[in-house]
Each structure stands twice: as structure tokens, then as C-alpha cells.
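Residue numbers (my numbering): -5 to 581. Where a beta carbon is used, it is the ideal one built from N, C-alpha and C, also for glycine. None of the values given here were measured: they were computed from a predicted structure. Working notes, beginning with the structure itself.
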């Protein structure tokens, strides 16, 4: 019989406890075992074996049954009282039914008959260790992803969600102790110009340098985070007075005014900073507190870049800035009435067949004065407004359903991926609304893939699980979006029966030059395979990245190399001409 050499090699990772009372047999078998395992411990009877098990915790116990003092069955019974998962294999000359039945009751993993036959031994050991290696591999990738998801791969700073988590803890403590803290929201001025002028590699270099400087200026107890592209945040905790922050801000700005050396190019940067303090006159949540600092940052950026401003709603000029935000919300409400929101569709393909698999649904605002606006322009103003967010979700869902009817003559196979917000998941009426839409337009639920954003903080996992199960019973699929950008991924994977994991664009864009991004993608794909999920990579912009993802085992992809997001009419036109996919590919 031929054995998989990789599996044989992996046995070298294992430590074995061999329990045998016959000295000659013990020496002979130990010598053979030493060729296959990392370390072989020998015990002379069940009592000695049990003591060595407690002391050394071996990966596998291989034991005789009939021995003096304590036999193999008695030893295994004591071990099972402590550990139901310990791998135990009996290696014995006895094949009596009595022993076999007792072994089954104890959950013994394998039974090898003497005399020693190498082929029989390897077959049994490989069979029982496959589960062990599977479990270890799963744990390894879980821990690896857990660690990587906590930190931004480019700057090594905390990700946004961990920052929010820390802020929530500090808020609870501050409510109790009245300790003072300051929250800073920092934005790199004109960062787009740096990227456009010098390229993304220099842009990344600048962001890493800024991250290092923020960490150097901050104290050990402070929390520094990269919130998004060129935005950072800091929690300065345990301040003696508000005045302390001024010296910290002065140090920070002096550090930021120093030119940054990136590959011999000296880059000058400035940072606009918004500041807010806590405790305040009322208790507020972490997101609202961060929003205060964000508003203060935008206010000073409009007035004078490179400076700081402290949140103060009583300031008349600042109140005007807040009023401008409220005005945008009013415009958004009117946009619903005037149907100014439009949908764009970005194709995704399967890597093996290079065939169209589906579309991601993206929303745009066709503003009467400013043209087509991306969600980053308007969503921040309504993301905490439950009513408007639900209205937006229903708007998108119904429009997708209407468009699917138009797609059918050209593309009857593809599915459509729509984002699902926390408000949708917690809504009492979402499922009913979805089913009404299906009936209204006479379409199948299988046309929909619901994407839950990995950075969403779901309060009620049981409720979410029930909703996802009901959607899947209807025929829809579930995907985890922006995988790797937050802390929720493993919780979602363990609690929800998902179909797809979408690797965030931020990792794919940098995977070839940034080792951490590459490792996150590699770990995500490996873990997805273990759980039985399909992987979709976002942001594929060239053939080299495509081929590397294919090597790693990625299933599907989307990005400008495949096709950019387009309105329905443009998609249908290209489908009719068979020119939808890879039309941007350079010859």
C-alpha cells in the first residue's frame, strides 16, 4: 500500500506515549516509532502510563491492554474522565470480543493487533491523526486570522472595530470613575494628491510613517487606530485636565510637520485634527463620540488645514457646520422622493471557468447639482439614522428585484449580492418585505446573496442566525463582506451557515508587495476551505493578482480587471454584444 508522504512527514510533529510492560517488545517498537514521531516516551504499565500522560500530555497514547498494576482499559478509563479528545490506540495481542466492546465504550480511537506490521500500524495511525491535524489546522488559521483582523496590515495599528471596542470600555469606566479622556480624529490633508503625484507605494509609505509618529507621540496607555484610508484616531486616557491635551497636540503637530523620506523623496504632509472630551453633560456611545471628533476635524479642515479644533456645539460657527450636516440629511430625504438613488452592478466571475457568476449591487446618488456620488459621500450622514437606513435598504431591494426582471433575457443564471445592514437584521419586517418583493416581481429568492458587513456589530446573534436560516430556506445565500477588516469574522463563521466570504479590497490591492496582506488572504482561503465556504476576492486589477489568487485557491473574483461597476443599461448592452468581461484587459 502506498502512503501519502506528506501525511507521513506530518507525524514528525507528534509526541507519543507508548505503554508496554514487555521490555523486549517495548525496545523494539520504540525504535520503529522513533522513525516516525517527534518524541517517543515509554511507560512500563498503566499506572506509569497514566502518570506520564498527566505530566507530558502526549498527542497520541499507544498502549497494550493486559498489564500488571493497572491495565490499558483501566488507564484509558481514568484518562477519559479527564479528556474525551485524547487519542488512544490499543496495540495488543488480544482480539477478544470483550476487549473490543470495552474499547468501543471508552471511545478508543484505534485497535492494532500484534505482532507489529508496519503497514497496519501506519494505516491506523494516519486514520486517527487526520482529525487531530484537521483540528490543529483549523485552530491555527482561526488564531492567525483573529490576530490579523485586530491590526491594520499596512500600519500595524488597531483596526476601527477594536478601537470602538476599547472606546466602549473606556466610556463605561469613565461613567463610573469620571476620569477624563480625549478622542482625536485625524485626517491627512490632500492625501489624494500624494497618491496621484507619487503613486500608491509612496502613499503607503507616508501612511506607515504617520502611524509610527502617532505611536511615538502617544503614551503606552493610549489607543491608536487607523480608522480608514487616510484617517486615524487616538484615545488619550486618564488626563488630569483638558489643558494636558494642548501640549500633546503641540508635540503631535510638530512631529507631523517634519518631511517624510520615502525612497529618497521628501514628502511634506499636514494633518487636520478634531478633538472631543468625555465625560460630557450626558452619557453617549462610542460611535457618537467618534462622530463628534470627526465633525470637529471636518470643520477645521474647511477653515484651515493642518490645525486642530475642539468639539463645541455652543460655538456659533461650529453650530453652522453641524447645520450643514443636517441640510445634507434633508437632501437625502428628498433624494428618496425624487428617486435620485441609482444602482450600479459590478460583475464577479468564477476563476476556474472565467465565467460570469453574479453581480455586486452598488448604490450611487445621482445628485441634481453634484452628479454621481459614491456612498462615502452620503452614508456617513445617515448611518446612525435607523429610519433612513431601513428606507435605503428597502429602496435598493425593490430596485434590484425590478432590474432582475430586465436581466433575465440576457443573463438568467447570475445572482445579485446586496448589502444587509444591522437595522435589516434586527428589523421585524425585513423578511416579510423581502417575500412581498419576490411575489410582486415573480422572481426566485435564489437570485439574492445577502452580504453582512464583517465590521457590523450584531447585538442579537440568535436573531441574526434565525433570519439567515429563513433566508436560506427560501433559497438565498449569505456572504460575509469585507472579511479581515474587523473582529466579527470568526464569530460569524462559527455561528452562521454562510456560503461566501469576500476578502476586502484593501488586502487584495496590496497582496503582492505587502506580506501581511498576502498572509491574511492565504489564511482566509485556508480557513474557508476548512469550513466549506467559497471565497470571493474584491479589487482584482491585473492578471498577476488574478493568477496568484488562483494559486491560493480563491473561487471567485471581482474588480476593474474583470469589469467596473456599471448601470443596468450599460451591463445589458455589453451582455448583448458579449463584451462584458475583461473588456479593460490590455493587450
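Span of the alpha helix (DSSP H) around residue i
i           : result
residue 347 : Taken as a continuous stretch (DSSP letters only), residue 347 belongs to no alpha helix (DSSP H), as it is neither H nor E.
residue 210 : 194 to 211
residue 267 : No alpha helix (DSSP H) contains residue 267, which is instead part of the beta strand (DSSP E) from 265 to 272.
residue 111 : Careful: residue 111 lies outside any alpha helix (DSSP H) and carries neither H nor E.
residue 247 : 238 to 250
residue 284 : 280 to 297
CB of residue i within 7 Å of CB of residue j, strictly
i           : j           : result
residue 264 : residue 294 : no
residue 299 : residue 183 : yes
residue 336 : residue 363 : no
residue 205 : residue 151 : yes
residue 431 : residue 392 : yes
residue 57  : residue 100 : no
residue 174 : residue 242 : no
residue 531 : residue 502 : yes
residue 495 : residue 339 : no
residue 10  : residue 62  : no
residue 179 : residue 287 : yes
residue 382 : residue 376 : yes
residue 290 : residue 271 : no
residue 147 : residue 510 : yes
residue 23  : residue 115 : no
residue 47  : residue 82  : no
residue 519 : residue 548 : yes
residue 556 : residue 575 : yes
residue 535 : residue 345 : no
residue 34  : residue 28  : yes
residue 106 : residue 118 : yes
residue 353 : residue 410 : yes
residue 350 : residue 408 : yes
First and last residue of the uninterrupted beta strand (DSSP E) at residue i
i           : result
residue 228 : 225 to 233
residue 105 : 104 to 107
residue 305 : First-last for residue 305: undefined, no H or E at that position.
residue 169 : Here residue 169 belongs to no beta strand (DSSP E); instead the alpha helix (DSSP H) covers 154 to 171.
residue 11  : 9 to 13
Neighbour flag for residue i against chain D, beta carbons, 7 Å
i          : result
residue 76 : Of the protein chains in the structure, only one exists, and it is not chain D.
Residue i in three-state terms, based on DSSP
i           : result
residue 328 : helix
residue 554 : coil
residue 21  : helix
residue 389 : helix
residue 181 : strand
residue 222 : strand
residue 566 : helix
residue 534 : coil
residue 121 : helix
residue 1   : helix
residue 129 : helix
residue 527 : coil
residue 581 : Confidence is the limiting factor: at residue 581 the pLDDT is only 37, short of 50, which leaves the residue's position unreliable, though a coordinate-based value still follows. Coil.
residue 255 : strand
residue 546 : helix
residue 576 : coil
residue 340 : strand
residue 540 : helix
residue 176 : strand
residue 334 : coil
Spatial neighbours of residue i in its chain, beta-carbon cut-off 6 Å, leaving aside the 5 residues before and after
i           : result
residue 562 : 397
residue 462 : 472, 490
residue 6   : 32
residue 249 : 207, 211
residue 305 : 270, 286, 290
residue 529 : 495, 519, 522, 548, 549
Contact set for residue i: own chain, Cβ-Cβ below 7 Å, skip 5 residues either direction
i           : result
residue 586 : Past the edges of the chain, shown from -5 to 581, lies residue 586, and the structure says nothing about it.
residue 280 : 158, 161, 162, 165
residue 414 : 444, 445, 446
residue 25  : none
residue 539 : 502, 505, 506
residue 80  : 55, 73
Other residues of its chain near residue i: CB distance less than 8 Å, five sequence neighbours each side excluded
i           : result
residue 192 : 256, 259, 261
residue 144 : 152, 153, 156, 481
residue 209 : 151, 218
Closer than 6 Å: residue i CB and nearest the ligand MN heavy atom
i           : result
residue 244 : The ligand MN is not part of the structure shown, which contains no ligands of any sort.
>> Suppose only complete runs of 4+ residues qualify. What are the alpha helix (DSSP H) ranges in the region 462 to 523, listed by chain order?
In response: 483 to 489, 499 to 504
>> I'd like the ranges of any alpha helix (DSSP H) spanning at least 4 consecutive residues and lying wholly in the region 15 to 97.
In response: 17 to 27, 40 to 50, 66 to 76
> Quick one: complete alpha helix (DSSP H) runs, 4+ long, within the region 359 to 386?
Replying inline: Counting only runs of 4 or more, we get 369 to 376.
> Could you give the uninterrupted runs of the alpha helix (DSSP H) lying entirely in the region 394 to 462, keeping only those of 4 residues or more?
Replying inline: Within the region 394 to 462, the complete alpha helix (DSSP H) runs of at least 4 residues are 416 to 420, 424 to 435.
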